[in-house]
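Enquirer: Numbering (the UniProt record's numbering), first residue to last: 1 to 235. Backbone N, C-alpha and C define an ideal beta-carbon position, used for all residues, glycine too. Quick one: the structure is below, and I'll ask about it shortly.
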């Protein structure tokens with residue numbers, strides 16, 4: 001995924017009201033930008049740290065700039081725009097680089113299923129079971145290369161796991177896909193210390209046949225793409 005134009009580098013002043021952040025531009029001006037992340041963004045909010053933001057072509061947006069990449073205190077890059085995760089995974093699947101998705105010719109986005117939910121990606125193919133793919137963006141890193149999800153208690157995430165288990169029980173495939181947008185993460189685990197309910201449900205889901213995979217993104221001001229398979233380990 002290429003950024004056109006390339007991202008602009010600034011420096012973070014603060015994040016507030018969940019969806020807003022103030023940054024210092026290269027020209028020394030303070031602007032307010034959109035923060036497209038509902039999580040706690042732990043370790044991504046150091047004042048003065050370098051950040052990168054995009055500029056929308058829309059003339060009607062109140063905040064035309066969107067925060068895309070943060071710098072963590074240990075110098076790693078973290079992609080904080082959760083809306084990019086689905087597009088990154090879709091791009092990867094369409095590239096044919098994931099053997100687990102071989103043979104699937106049709107991909108639909110945001111399809112209604114289960115109990116009032118929407119699946120991020122629904123894959124279908126001739127003589128293949130439908131494959132429900134739920135994408136989660138991972139940016140929480142607490143040392144030793146381990147990344148965690150979620151970064152805050154997530155009842156919505158727990159519901160998604162239950163929906164995926166129901167799809168497997170109905171004879172379909174279900175995949176939980178961790179999209180790792182953090183340059184320091186080399187393995188992924190459920191954040192039991194943050195949300196033990198989610199961690200327990202993930203264990204149940206895997207035992208029930210839900211497939212779990214993780215890929216890490218390579219990020220720059222010019223582009224971001226998923227390039228490396230990571231192990232998913234027990235929490």
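Distance, Cα to Cα, residue 175 vs residue 131?
Expert: Between residue 175 and residue 131, the C-alpha separation is close to 7 angstroms.
Enquirer: With which residues is residue 182 paired in a DSSP beta bridge?
Expert: Partner(s): 78.
Enquirer: Nearest by alpha-carbon distance to residue 213: which of 224, 230, 226 is it?
Expert: Checking every option, the nearest Cα to that of residue 213 belongs to 230.
Enquirer: Given that a residue counts as buried once 16 or more other Cβ atoms are within 10 Å of its Cβ, and exposed if not, what is residue 237?
Expert: The first residue shown for the chain is 1 and the last is 235, placing residue 237 beyond what the model contains.
Enquirer: DSSP on residue 132, reduced to helix/strand/coil?
Expert: The answer is strand: DSSP assigns residue 132 an E or B state.
Enquirer: Going straight from the alpha carbon of residue 102 to that of residue 233, what length do you get?
Expert: Approximately 24 angstroms, taken between the alpha carbons.
Enquirer: Who are the near neighbours of residue 13 in its chain, counting only those whose CB is closer than 7 angstroms to its CB and skipping five residues on each side?
Expert: Hits under 7 angstroms: 22, 23, 24, 30, 47.
Enquirer: Looking at the structure shown, is residue 257 part of a helix, part of a strand, or coil, going by DSSP?
Expert: Here the chain comprises residues numbered 1 to 235, so residue 257 is not present and cannot be evaluated.
Enquirer: Please classify residue 79 as buried or exposed, where buried requires at least 16 other C-beta atoms within 10 Å of its C-beta.
Expert: Counting Cβ neighbours within 10 Å, residue 79 comes out buried, since at least 16 surround it.
Enquirer: So is residue 103 in contact with chain D if we call contact Cβ pairs under 8 angstroms?
Expert: This model lacks chain D altogether; it includes just one protein chain.
Enquirer: Just confirm the distance between the C-beta atoms of residue 147 and residue 138, as a whole number of angstroms; I'd bet it's less than 8 angstroms.
Expert: Yes, they are in contact, since the Cβ atoms of residue 147 and residue 138 sit about 5 angstroms apart, within 8 angstroms.
Enquirer: Can you look up residue 193 in the DSSP assignment and give me helix, strand or coil?
Expert: Looking at residue 193 - three-state DSSP - the assignment turns out to be coil, as it is neither helix nor strand.
Enquirer: List the endpoints of the continuous beta strand (DSSP E) containing residue 23.
Expert: Its beta strand (DSSP E) spans residues 20-24.
Enquirer: On the DSSP bridge assignment, give the partners of residue 16 in chain order.
Expert: For residue 16, which the question treats as bridged, DSSP gives the partners 20.
Enquirer: Return the residue from the list 63, 172, 26, 141 that minimises the CA-CA distance to residue 133.
Expert: Minimum Cα distance to residue 133 is reached at 172.
Enquirer: From the DSSP output, in three-state form, read off residue 209 for me.
Expert: In the structure shown, residue 209 sits in coil (DSSP, three-state: anything other than H, G, I, E or B).
Enquirer: Can you determine whether any heavy atom of the ligand PLP sits closer than 7 angstroms to the C-beta of residue 139, and answer yes or no?
Expert: Of the ligands one can find in the structure shown there are none, so the ligand PLP has no counterpart to examine.
Enquirer: Across which residues does DSSP place residue 152 in a beta bridge pair?
Expert: In DSSP, residue 152 forms no bridge with anything.
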